[in-house]
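Chains A, B and C supply the protein sequences, listed in that same order.
Just so we're aligned, residue 0 is where the first sequence starts under numbering that gives the first Met the number 0, counting upward by one.
Just so we're aligned, residue 0 is where the second sequence starts under numbering that gives the first Met the number 0, counting upward by one.
Just so we're aligned, residue 0 is where the third sequence starts under numbering that gives the first Met the number 0, counting upward by one.
The structure appears right after this line, and notes come after that.
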Amino acid sequence: MADTNENQKDAPNPGRRRFLTAATSVVGAAVAGTTVVAMIESLEPTAAEAAAASTSVNLAPIEPGMQVTVPWQKKPAIIVNRTPEMLATLVEAEQKNLLKDPKCDVPQQPPYCRNRFRSRKPEWLVMVRICTHLCCIPHYRPKPASVTSWWLGGFYCPCHGSMYDLSGRVINGSPAPHNMAVPEYEYSADGKVVTITSMYKKAHLC
Amino acid sequence: MSRFGDWVNERFPARKMMREHMTEYYAPKNFNIFYYTGSLLLLMIVLQLVSGFLLMAHYVPTSQGAFDSVQGIMYDTKWGWLIRYMHVDGVSLIFILLYLHIGRGLLYGSYRKPRELLWIIGYLTYIMMMGEAFFGYVLPFGNLSYWAGQVITSIIHAIPFVGPGLTTLARGGPGVGTATLQRFLALHAVLWFMIIAALIVMHILALHEVGSNNPDGIEIKDKKGPDGHPLDGIPFHPYYTVKDIFGVGVWLTVFAAIMFYAPTMHGVFLERTTFFRANPMVGLPDVTPPWYLAPYYAMLRAIPNKYFGIALMALAITLPFLLPWLDRNPVRSSRYRPVYRTMIIILAITFFTLAWVGEQPPLPKYFIIERVGAALYIGFYLLLPIISSIEPTRKVPERVKS
Amino acid sequence: MTRKAWVSAAGGLLAWLVAGCAMAAPQYSFSKPMVVAGARLFAEHCSACHSVSSLRYNRLSQLGMSKADIEKEIMLPNGANYLKGMEPTMNMADATKWFGIPPPNLSHIVRARGENWIYTYLTSFYWDPKRPSGWNNHLFPNVAMPNILAPWGGTYAKNGKLLQQGLESPAVYHRQVAEIVDFLRYASDPSVFERHAIGPYVLGALVLLTLLAYLLKREYWKDVHHGTSGKKGNGTKH
Numbered sequence: 000m001a002d003t004n005e006n007q008k009d010a011p012n013p014g015r016r017r018f019l020t021a022a023t024s025v026v027g028a029a030v031a032g033t034t035v036v037a038m039i040e041s042l043e044p045t046a047a048e049a050a051a052a053s054t055s056v057n058l059a060p061i062e063p064g065m066q067v068t069v070p071w072q073k074k075p076a077i078i079v080n081r082t083p084e085m086l087a088t089l090v091e092a093e094q095k096n097l098l099k100d101p102k103c104d105v106p107q108q109p110p111y112c113r114n115r116f117r118s119r120k121p122e123w124l125v126m127v128r129i130c131t132h133l134c135c136i137p138h139y140r141p142k143p144a145s146v147t148s149w150w151l152g153g154f155y156c157p158c159h160g161s162m163y164d165l166s167g168r169v170i171n172g173s174p175a176p177h178n179m180a181v182p183e184y185e186y187s188a189d190g191k192v193v194t195i196t197s198m199y200k201k202a203h204l205c
Numbered sequence: 000m001s002r003f004g005d006w007v008n009e010r011f012p013a014r015k016m017m018r019e020h021m022t023e024y025y026a027p028k029n030f031n032i033f034y035y036t037g038s039l040l041l042l043m044i045v046l047q048l049v050s051g052f053l054l055m056a057h058y059v060p061t062s063q064g065a066f067d068s069v070q071g072i073m074y075d076t077k078w079g080w081l082i083r084y085m086h087v088d089g090v091s092l093i094f095i096l097l098y099l100h101i102g103r104g105l106l107y108g109s110y111r112k113p114r115e116l117l118w119i120i121g122y123l124t125y126i127m128m129m130g131e132a133f134f135g136y137v138l139p140f141g142n143l144s145y146w147a148g149q150v151i152t153s154i155i156h157a158i159p160f161v162g163p164g165l166t167t168l169a170r171g172g173p174g175v176g177t178a179t180l181q182r183f184l185a186l187h188a189v190l191w192f193m194i195i196a197a198l199i200v201m202h203i204l205a206l207h208e209v210g211s212n213n214p215d216g217i218e219i220k221d222k223k224g225p226d227g228h229p230l231d232g233i234p235f236h237p238y239y240t241v242k243d244i245f246g247v248g249v250w251l252t253v254f255a256a257i258m259f260y261a262p263t264m265h266g267v268f269l270e271r272t273t274f275f276r277a278n279p280m281v282g283l284p285d286v287t288p289p290w291y292l293a294p295y296y297a298m299l300r301a302i303p304n305k306y307f308g309i310a311l312m313a314l315a316i317t318l319p320f321l322l323p324w325l326d327r328n329p330v331r332s333s334r335y336r337p338v339y340r341t342m343i344i345i346l347a348i349t350f351f352t353l354a355w356v357g358e359q360p361p362l363p364k365y366f367i368i369e370r371v372g373a374a375l376y377i378g379f380y381l382l383l384p385i386i387s388s389i390e391p392t393r394k395v396p397e398r399v400k401s
Numbered sequence: 000m001t002r003k004a005w006v007s008a009a010g011g012l013l014a015w016l017v018a019g020c021a022m023a024a025p026q027y028s029f030s031k032p033m034v035v036a037g038a039r040l041f042a043e044h045c046s047a048c049h050s051v052s053s054l055r056y057n058r059l060s061q062l063g064m065s066k067a068d069i070e071k072e073i074m075l076p077n078g079a080n081y082l083k084g085m086e087p088t089m090n091m092a093d094a095t096k097w098f099g100i101p102p103p104n105l106s107h108i109v110r111a112r113g114e115n116w117i118y119t120y121l122t123s124f125y126w127d128p129k130r131p132s133g134w135n136n137h138l139f140p141n142v143a144m145p146n147i148l149a150p151w152g153g154t155y156a157k158n159g160k161l162l163q164q165g166l167e168s169p170a171v172y173h174r175q176v177a178e179i180v181d182f183l184r185y186a187s188d189p190s191v192f193e194r195h196a197i198g199p200y201v202l203g204a205l206v207l208l209t210l211l212a213y214l215l216k217r218e219y220w221k222d223v224h225h226g227t228s229g230k231k232g233n234g235t236k237h
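Okay, here's the thing in structure tokens:
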């Protein structure tokens, strides 16, 4: 009797065979797939790349009204120490309806810079100074009336005449389509050093 | 699907290959645990290829940059530690498998006619893998890498006539440096690896031509059923494929446990001295090879004369090629040859004792072990023709035991 | 040899591998809080001279330290970059002049020497007026490094006699040395916490795969035990 039971238990079972084949394949594929994902991730930029791609700037020597240009990822990044008068022109530009995108609806800046000043702290502007029209480098023209009679201060592109306010917001009538790009950056704990870490992914340079 | 399959198979022999090597390749049904090693070796080689490719994507082959680039993989690359541990621990695991695989061949007489060429191709692959491991060993350019590179390239120096020229050719300069790293990388990742891959393909083709041996050493092709298939054979697929998947599961569990919990295996798989930067001015307390090369290194040290020591080592490495002709007994498997089996057990103990002593500092107290070990190792091959012709054998059964 | 013998041989090999894993278990407690405490002590006492160039400051955030904490407690006011490796304040050329050799980079020191060696080394200094620095070491004779931890651990003579009491009790002091060693162990292989966190899941998945594969193999091999393996239509679908 025990013998027949044994025989029945030992008989091939096609259903069980199919189920085990499927289960082993699924678990095997999951293990292999996870490994492949890890291996592909290993080809992403390393921490060394990230460190080399970031630039730190000491803010102490930058006087009010002054612009400093630093090479960052082979692009001109600027830091401007804006005075209260300069910040006031940003409101004025909005009131006079001079701007294409005054509310910064196009994601040309990280979410934490989506404000009138396009910055983490109102006075400090951190921006990539590349015209969104055809990649020229606009001039810094902070003095009122230095470009046109109504000029409030801002950036003026010598190539095709695009104009921006002191937050890098593009002025109506310019060929440039968007505000200039603001990269990702952060302050040190004491607020004395700015580190530009990476390009904001959604922003277009030109 | 089937029409597409036909279209492909009229142009590429996919189904034919599947039949020849899987579904209609009949393997003996009495394979034991040793017979997992072949498929596991194939898996490990593929993992080495993949992890090696990913390492090379980050590696800088210069004497200034190599060490930092390898450490950069460990610190700065996402999953870099996993990839490097996979590659490094994989080497030791491959050699564990290789020694089991070769030991199996000895135990069951798998080198005997008609499998002489299968044995020679396999043994050549093993020698090539020792070279591959050595090239890889130098690349991270820790201090151990540097001195291992110096020592091995000076061993080449002792080869009569061509030695000095070969050493310069290997180093690409007066010492081990950037030029050495660049040519070692090229060898390790391209030429040497391609040769190993080709040898593995030849090994499998030769195996499928002559058929697998088995623990009883009985030729299963001699007893065929009415359908023309061996009575003691079963199709490789699905029976050995499912069995090998189980083996792969066990093996990968062990492999993962090592990578995640003991990646340096206490300095055995990844030596402490590889974590010092290469320094030509500072030698190591003692230069010892990795465990899998240590038996030969011990034999090198057994004779206190550069040329004879190297000659002894070369003899020890090349003698196994002659094994198919040194064994003169009509019986294959050691299951039915008690004397031969004792000899193999002594050979295995000798080999691993030599591996242990090869890792020790070169002190006089170890000389006796090195010399006895070398004598036993060489003695096995020299005595085999005599002993195998006179040794008593047990009766070999007609069919395999299952 | 019997099948049993082979199984036990394989079991022995497995046991050796498992024993190797177990041997790698820490000799004393090794945890994130210990490493963080060690990092603070290292920054305070060691990193003026020693770099840990492979370890980036921002890596410490994986241990639960905030960026502000790292900048305040770990980074030295030497222009250190949060995204870059730990560098000393001391000029290496000056250091070479003072000590004869530059203080070594400690990135891989625990991997190279072992944590027990480092611990023993740090606790084996003795007062030796014959040395230019005034210090010598039982484990590393005539070492160039002075015992900078002496104010906390106390000053001992070669024969082990206490010459001057330290600020810390021996128990606290030894724990602090262990914390520094733990930090260096982490610095030698910062993947350790990641490995130990995901290891159980990886092993679990592989054990499950093995188990399923074993059942699958047993199911298929019923054919072999029934002697139907060679026949058409049984098992082989191809």
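The C-beta atom is built at its ideal place from N, Cα and C for all residues, glycine as well.
Taking residue i as the reference, which of the options has the closest Cα?
| i | options | result |
| --- | --- | --- |
| B/Tyr25 | B/Pro337, B/Lys223, B/Phe275, B/Thr349 | B/Lys223 |
| B/Phe350 | B/Met312, B/Pro214, B/Leu184 | B/Met312 |
| A/Leu19 | C/Arg217, C/Ser53, C/Leu40, C/Pro101 | C/Arg217 |
| B/Thr287 | B/Gly104, B/Trp146, B/Phe275, B/Met43 | B/Trp146 |
| C/Leu211 | A/Arg17, A/Asp9, A/Pro11, A/Ala10 | A/Arg17 |
| B/Ala178 | B/Leu138, B/Ile195, B/Ile194, B/Val150 | B/Leu138 |
| A/Pro63 | A/Pro75, A/Val127, A/Ala50, A/Pro141 | A/Pro141 |
| B/Tyr84 | B/Tyr339, B/Phe3, B/Ile257 | B/Ile257 |
| A/Lys95 | A/Tyr139, A/Pro137, A/Asp164, A/Gly190 | A/Asp164 |
Straight-line CA distance for residue i to residue j?
| i | j | result |
| --- | --- | --- |
| A/Asn171 | A/Cys135 | 18 Å |
| C/Thr209 | C/Val191 | 26 Å |
| B/Phe94 | C/Leu183 | 32 Å |
| B/Gly171 | B/Thr152 | 11 Å |
| B/Phe192 | B/Ser332 | 33 Å |
| C/Lys236 | A/Lys200 | Model confidence at C/Lys236 stands at a pLDDT of 39, short of 50, so the residue's coordinates are unreliable and nothing is read from them. |
| B/Leu269 | B/Leu81 | 14 Å |
| C/Tyr185 | C/Gly37 | 10 Å |
| B/Ile199 | B/Leu123 | 10 Å |
| B/Tyr107 | B/Ile154 | 35 Å |
| C/Val223 | B/Ser50 | 37 Å |
| C/Leu62 | C/Val35 | 7 Å |
| A/Gln72 | A/Glu48 | 11 Å |
| B/Tyr239 | B/Leu206 | 15 Å |
| B/Asn8 | B/Leu292 | 45 Å |
| C/Gly133 | C/Pro76 | 29 Å |
| B/Leu230 | B/Ser109 | 20 Å |
| A/Ala10 | C/Ser228 | 13 Å |
| B/His187 | B/His57 | 15 Å |
| B/His265 | B/Ile244 | 30 Å |
Going by the DSSP bridge assignment, what does residue i pair with across the sheet?
| i | result |
| --- | --- |
| B/Ala26 | B/Ile233 |
| A/Tyr186 | A/Val193 |
| A/Arg140 | A/Gly153 |
| A/Met126 | A/Ile77 |
| A/Met162 | A/Tyr155 |
| B/Lys223 | B/Pro229 |
| C/Phe124 | C/Asn136 |
| A/Ile170 | A/Leu98 |
Which whole-angstrom value describes the C-beta separation of residue i and residue j, a residue pair presumed to lie in contact below a C-beta threshold of 8 Å?
| i | j | result |
| --- | --- | --- |
| B/Asp215 | B/Val399 | 5 Å |
| A/Ala188 | C/Ala204 | 41 Å between Cβ atoms; not a contact. |
| C/Glu86 | C/Ala92 | That pair is no contact at about 14 Å. |
Open item on the list: Could you tell me which whole alpha helix (DSSP H) segments of length 4 or greater appear in the stretch 57–106 of chain A?
Closed with: 83–94
- [ ] Give the residues from the stretch 73–87 of chain B that approach chain F closer than 8 Å (Cβ to any Cβ), ordered along the chain.
- [x] In the structure shown, chain F cannot be found, because the protein chains are A, B and C.
TODO: Could you tell me which uninterrupted alpha helix (DSSP H) segments, each at least 4 residues in length, are contained entirely in the stretch 329–385 of chain B, listed from first to last along the chain?
DONE: 337–357
- [ ] Any chance you could list the beta strand (DSSP E) runs of at least 3 consecutive residues sitting entirely within the stretch 32–100 of chain C, in chain order?
- [x] 51–55
Task: Ordered list of alpha helix (DSSP H) runs contained in the stretch 121–204 of chain B, each at least 4 residues - done: 142–156, 162–170, 177–185
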